[in-house]
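One gets the numbering used here by counting positions in the sequence shown from 1 and adding 12 to each.
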Amino acid sequence: MIKLYNVSKKYKSNNIEVLKDVNLHITPGEFVSIVGKSGTGKTTLLKILTGQEGFDEGQLVIGDWDITDIKKREIPYLRRQIGVIFQDFKLLPKKNLAENVAFALQVCGQRPRKIKSIVPKVLKIVGLEDKKHRYPHEVSGGEKQRTAIARALVHRPKILLADEPTGDVDSINADEIIDLLLKINRFGTTVVLVSHNREIINKLKKRVVTIEDGQIISDQESGKYIL
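The following block contains the structure:
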């Protein structure tokens, strides 16, 4: 599903190598946590996976698609296969929850009838069908994040990348977000979670990949947060 072969990246502005010979294979349907201190290359890795950033050396394959030299015009197609969830939700404040989810389909030119069909389904998956007309400022942080998850699911992605999805919510909502990611994973979606939350990572008892100074220093099949 995701295969990185000796991937390295250096930022030319400061000559810092943020990833060094990263080799990582994630199989279809896996739930993998990527952990490490701030500035170790975790977020850069996610940006590479979505085509937001390129890399200097190595090879990257997602599914059957070698995206090592992906062209700009191909990136939107890649992103429809990969759902992304951010810590800060990135919801549009002047649109209600249903409209925020629908917007992800509208920008891709999806037909209104199809949008009308898909939006209630994904809102039901995340448990927000009764709050679809509320605006972001009217709901909790956990509900904002669940809306962001619904938005990430509209294209039925094969892979879901979650970058610190519990960072801006309390512990109760954090547990609900993780339970939802596990539910999505049980549907067959590959989930890659980046998190600093030691308690959550250790409770999951899933595969844990630890990055330090741009390199993978540990890859545990049923692991713990070791740093």
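Beta carbons: idealized from backbone N, C-alpha and C, even for Gly.
Taking a 10 Å sphere around the C-beta of residue 209, we find 16 or more other C-beta atoms and assign the residue as buried. DSSP, read as helix, strand or coil, puts residue 43 in strand. A residue is called buried once 16 or more other Cβ atoms fall within 10 Å of its Cβ, and residue 237 is buried on that count.
Less than 8 Å divides the Cβ of residue 137 from the Cβ of residue 165. DSSP places residue 172 inside the beta strand (DSSP E), whose first and last residues are 171-175.
By the beta-carbon neighbour count (other beta carbons within 10 angstroms, threshold 16), residue 129 is exposed. C-alpha of residue 145 to C-alpha of residue 178: approximately 24 Å in a straight line. Distances from the alpha-carbon of residue 37 to those of 124, 231, 154 put 231 closest. A direct Cα-to-Cα measurement between residue 43 and residue 187 gives close to 16 Å. The C-beta of residue 124 has fewer than 16 other C-beta atoms within 10 Å across all chains shown, which makes the residue exposed. By the neighbour-count definition (other C-beta atoms within 10 Å, threshold 16), residue 108 is a buried residue.
Leaving aside the five residues that flank residue 23 on each side, the residues in its chain whose CB is nearer than 7 Å to its CB run, in chain order, 30. Residue 162 and residue 114 have their alpha carbons spaced roughly 10 Å apart.
About 6 Å separates the CB atoms of residue 220 and residue 213; that is less than 8 Å, so the two are in contact. Between residue 77 and residue 239, the alpha-carbon positions lie close to 34 Å from each other. Judged by DSSP in its simplified three-state form, residue 89 adopts helix. Under the three-state reduction of DSSP, residue 214 is assigned to helix. Cβ contact annotation for residue 233 (same chain, cutoff 6 Å, sequence separation greater than five): 219, in chain order. Among the bridge pairs identified by DSSP, residue 225 is matched with none. Going by beta carbons, residue 197 and residue 159 fall outside the 8 Å limit. Cβ-Cβ distances below 6 Å link residue 170 to 93 in the same chain, with the five nearest sequence neighbours on each side left out; the list follows chain order. Counting only the Cα atoms, residue 143 lies some 45 Å from residue 70.
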